[in-house]
Every structure is written in structure tokens, then in C-alpha cells.
Amino acid sequence: MDKRTTPIAKIFLIAVFLILYVPIFFLIYYSFNSGGTMSHFKGFTLDWYRQLFGDTRMFIIVLNTLVIALLSSLSATVIGVFGALAIYSYKRRAKNTLLSFNNVLIVSPDVIIGASFLILFTMAGIQLGFMSVLLSHIAFSIPIVVLLVLPKLNEMRPSLIDAARDLGASNWHVLSKVVLPFISPGILAGFFMALTYSLDDFAVTFFVTGNGFTTLSVEIYSLARRGISLHINALSAVLFLFTIVLVIVYYFISRRSSMKTMGVRK
Amino acid sequence: MQSKLSRRIYLIPYAIWIALFVVTPIILVVYYSFYDLDGNFSLENYRQFFTAVYLKMTLSSFWYAFLITAISLLVAYPTAYFLVRTKHSQLWLLLIIVPSWVNLLLKAYAFIGIFGKYGAANHFLEAIGIGTKQILFTDFSFIFVSVYIFIPFMILPIFNALSELNPSLLDAANDLGASRWTTFRRVIFPLTIDGVKTGCQIVFIPALSLFMLTRLIAGNRVITLGTAIEQHFLVTQDWGMGSTIAVFLIIIMFLIMALTGNRKRGV
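Residue numbers (the working numbering), protein chains in the order written: chain A, -3 to 262; chain B, 1083 to 1349.
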């Protein structure tokens, strides 16, 4: 196989990278603009950041978003791990049925999830707001956790469990000392994926959030509909930094935990 | 191996989730689709769906989704193809994925600035002598931004398919005298078709149901199935009609999944 990258390939890749990153850096660049528009860079200022950090309403919204993301991804991880263990323990037919149910929410468009959950919460009498948003975020994060944990379970050699049982381990010990440590990289990946799903979600939240409760995505939407405000640019710079930090944290934790599992494997 | 009891304990929370959040919502959507605005049972919504207005909207929604998917594929395939051949391909892949973690709304917002009347794109057009054009609120901007958003999701499965490709097959094709184009057409593409299918599925279904971009970028000029559902649920409060459109979207979704369903093949 031709392993060299030809100049055409290089130019093509550079173009794709530029297109992907230019809009993001464009936003960040204008967050330092004292001019107040995204078209003419007048002078350097940090006013937009000052305004952003002084904005208590925005602070509460950020807090809401983080609380929802953490609570929903933690709950989804717990239920998802249980789900993966259940699917793993079943044989072919039941396994495939469960997996198809699992995938429904993954392939469903956000609008459908949002609309159907709106009907569900209204009929169940759950007030739209914190609770409805939290429940829907847990609901759409569970299948992704299952999908990330299941391959790890399948990778595990059954003899590992047999060995633990032969040595007299109880069910609880097999689970906590053998199975969970082995699948921990999958659990971690699932947790982080659920976290990003929740942080990024707009459509579902937009449907099931009432008047009193707002998350970041919904707030940005209503701000953006009103037009350009460099306040959003400053916010995007902060969020971009946060994303990068999250990626780096995930990278290091996953490296450490994979090293630990290696230890167990030996 | 595992006792029946523990298996049951594992299943309980998960089964409750399936019952409450997977099965019930679909049943409720179907149920609501049979009720008109006054809460009477009727087939009125379905009759209305088959009138010219809604059929035209469905067709145009399909056409946009098709264009978005096709253009994404045209950009994503070569990108994935070249990417696999770079030295630190995993690192580059990560860099492709990072923009997809930036909040969707912020990306849309960036394009409001770039494509706006006095935005960067118009500055550029001015500079090369074409002059200021209306870019925002056109079909072009809608498709461009949608492709921009979906590209990482198309690249990922194709990249995975390409990196699983056994390089000795390419050597074999080469030894047997196949030209590079023939190798691509007869060996590489058929063997990565599953990645392409997954990518198309990941892009096409959401593209049918975009509603935020149609408002922010296309200025309500483009109405997709998603926009119509959102309109009915949150603006006109006609949940029956919204549910009817949702039922059709669900049917289309299952059809597409069946169509692009992955059959595992050898090699």
C-alpha cells in the first residue's frame, strides 16, 4: 500500500481541518472585539468576559447545565452497566431483542425523542422543568453507556469468572472484584459520552423544559435568535476551553485505568 | 454461570427504562396521532398528511437530507481515506472529532456571524470582486452548515472501516495488475461499504429532522419534517398533527435502518 501522503492529499486534509476549525476560532477571536459586532475588529477588550462572569442569570444556567449533566450521566452509567450485565447474561434471542430496544433511542431523531417525552411527561403529570429535563437526559444516555460497556464484557474471558468462583468468591465479590474492574474502561467511556451527550443536547431539552428552567444550549438558542451578541462569543471561548480540558482529563484517566486493568489481567 | 437471581436484579432497572422511555413514548405518539385538535378520535391528521402541502414538505425535506448526506459523503470519504494513511492517524482523527463536541448551537451561531451581511464571507467576496451577496437565509447556507455539522459523524465510521481493511488485499490487487482506480472501485470501496452505510444512516435521519438550523440559518425558508413537528408541538399546540408527522418519521427511520442494515461479511 502507498503509505506516503501525496501533496493533493495534504492540501485536501488541511482544507478540511481549516473548515472545521475556522468557525470556532472565528467566534473566539471576536470575543475580544471591543466593537460589538462579528464583522469589524475594532480593538482588544476583555469586557465581554467581564460581563459574562458578572452575569448571575448565566451563572445559574451554567450551574443547571452542569448539575443535570453530572446527575444524568451518573444515573445513566449505573442503569446502563446493569443493562449491559443483563444483556450479557442472556442467550441469543433475548439478547438481540434487548439490543434492538436499546438502539431505538440511539437512532431516533432528537425531535421525536423530545416530542414523545413531552407527551409522556404531560400525561404522567410531571411538571416540565428540572425533573423532566433530568429524566430525559438519563433516558437518552442509557443506551450509549450500554453500547460502550458491552464490548468490554464480551472481551472478558469466562474462565476469569470461573476461576473466581472456584476460589470461593460470592456473586457480589465476582462482580465487584473481577467483572467491574475489568470493564471499568468501558464504564468510564460510557460516563464521559453520557456527559457530553447531556452537555450538548439542545433539541430534547428544548421540548421538555418549561418556562422556569433553562440549560445552556436552550439559552444560546434564544440569544442567537435575537442576533449577535459578543457575550455568546466569550461564552463559546470558555466552553471550548472546558471541552479541551475534558478531553485531556478523559485521556489521562482512561490511560491510568487501562494500565490498572492490565494489572488485573496478569 | 451467573445465578438467575442476580440476572433478574440486573434486568429490573433496565427493563423499567425500556418500558417507560422506549416503548411508552412510541405508543403515546401513535395514540396522539389519531386525535384531532378538539380531542376527538379521527383519521383527519392522516388525511391531511396526504394533501399536497405536507407531501411537498416531506419531499423537500427528503431532498435536502439527500443533498446533505451526499455532500458529506463526498467530503468525508476522501478525508477518511487520506487520514488513514497519515503517520499519527489516531491523533488526527481525534482532532476531527473535537469540533463535534463544541456545542451545536455555538457552531450555528458562528455561521450567523460568518455568513451575515457584513460577515467574513461577504468581506471575502468583496475582496475578490464578486461583491456582497445574501448568504444567510439561503439554501446554500443551510446545506453548508448542515454538512459542516455532520462531517465528523460521517468520517468516523468510514475511517474505522478503512483502518480495518487488510493491506495485503491491496498488495494482491496491485500484484495482479489492477490500476489504482480499479483497486479502489473493486476492492477498497466494496470492503468499506458498511462504514459508508453507517455514516449515511447517522447523517440522513438527523438531517430529516433538523429544526434548529432551519430557524437560525435558513430563516424558516426550509421546512423539514423536524421543523414541522416542532412547530406543531410548541407553537400551534396541535399535538395530533405533530404526532402524525412523527409517526411517518419513525416509519421512515425504520425503513432506512432496514435498507442500510449491516450484514456482516467475511474478510
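By construction, the Cβ of each residue, glycine as well, lies at the ideal position given by its N, Cα and C atoms.
Problem set entry | Three-way DSSP call (helix, strand, coil) for asparagine 99/A in this model | helix
For this session: Can you grab the Cα-Cα spacing for the pair isoleucine 1332/B / serine 104/A, in whole Å?
Result: 8 Å
Exercise. Hey, how far is the Cα of valine 1317/B from the Cα of isoleucine 228/A?
Worked result: 26 Å
Exercise. Interface residues of chain A around isoleucine 1287/B at Cβ under 7 Å?
Worked result: Val103 and Pro105
Exercise. Does the beta-carbon distance from leucine 23/A to serine 232/A come in below 8 Å?
Worked result: yes
For this session: Compute the beta-carbon to beta-carbon distance between isoleucine 1179/B and proline 1234/B, rounded to the nearest angstrom, for a pair I have assumed lies under 8 Å.
Result: 5 Å
For this session: Determine the burial state of valine 100/A: buried for a count of at least 16 other Cβ atoms within 10 Å of its Cβ, exposed for fewer.
Result: buried
For this session: On the DSSP bridge assignment, give the partners of phenylalanine 1315/B in chain order.
Result: The partner list for phenylalanine 1315/B (beta bridge, DSSP) is empty, contrary to what the question assumes.
For this session: Check whether the Cβ of phenylalanine 126/A lies closer than 8 Å to any Cβ atom in chain B.
Result: no
Problem set entry | Span separating the alpha-carbon of phenylalanine 178/A from that of serine 1245/B | 26 Å
For this session: Could you tell me which residues DSSP puts in a beta bridge with tyrosine 17/A?
Result: For tyrosine 17/A, which the question treats as bridged, DSSP gives no partner whatsoever.
Exercise. How would you label threonine 1214/B, buried or exposed, when you count the other beta carbons within 10 angstroms and need 16 or more for buried?
Worked result: exposed
Problem set entry | Pairwise C-alpha distance: leucine 1102/B and threonine 73/A | 17 Å
Exercise. If you count every other CB in all the chains shown that lies within 10 Å of the CB of alanine 1289/B, and 16 or more means buried, which is it?
Worked result: buried
For this session: Report the residue from Ala80/A, Leu59/A and Asn98/A whose alpha carbon sits nearest the alpha carbon of glutamate 151/A.
Result: Ala80/A
For this session: Look up asparagine 150/A in the DSSP assignment and say whether it is helix, strand or coil.
Result: helix
For this session: Starting from arginine 221/A, follow the alpha helix (DSSP H) in both directions and report where the run begins and ends.
Result: 212 to 221
For this session: Taking only beta-carbon positions, decide if asparagine 167/A is within less than 8 Å of chain B.
Result: yes
Exercise. Going along chain B, which residues have a C-beta under 8 Å from arginine 221/A?
Worked result: Arg1297 and Leu1298
Problem set entry | Minimum Cβ-Cβ distance from valine 243/A to chain B less than 8 Å | yes
For this session: Using a Cβ-Cβ cut-off of less than 9 Å, list which residues of the stretch 19 to 33 of chain A approach chain B; keep chain order.
Result: Pro19, Ile20, Phe22, Leu23, Tyr26 and Thr33
Exercise. Are leucine 132/A and valine 204/A closer than 8 Å when you measure CB to CB?
Worked result: The residue you asked about is not leucine; residue 132/A is serine in the sequence shown. Yes, the pair counts as a contact, with Cβ atoms nearer than the cut-off.
For this session: Return yes when the Cβ of methionine 1236/B is within less than 8 Å of the Cβ of alanine 1158/B, no when it is not.
Result: yes
Problem set entry | Span of the alpha helix (DSSP H) around threonine 1256/B | The amino acid occupying residue 1256/B in the given sequence is asparagine; threonine does not appear at that position. Counting along the chain, the alpha helix (DSSP H) containing asparagine 1256/B begins and ends at 1249 to 1257.
Problem set entry | Enclosing alpha helix (DSSP H) for glutamine 1172/B [first to last residue] | 1171 to 1183
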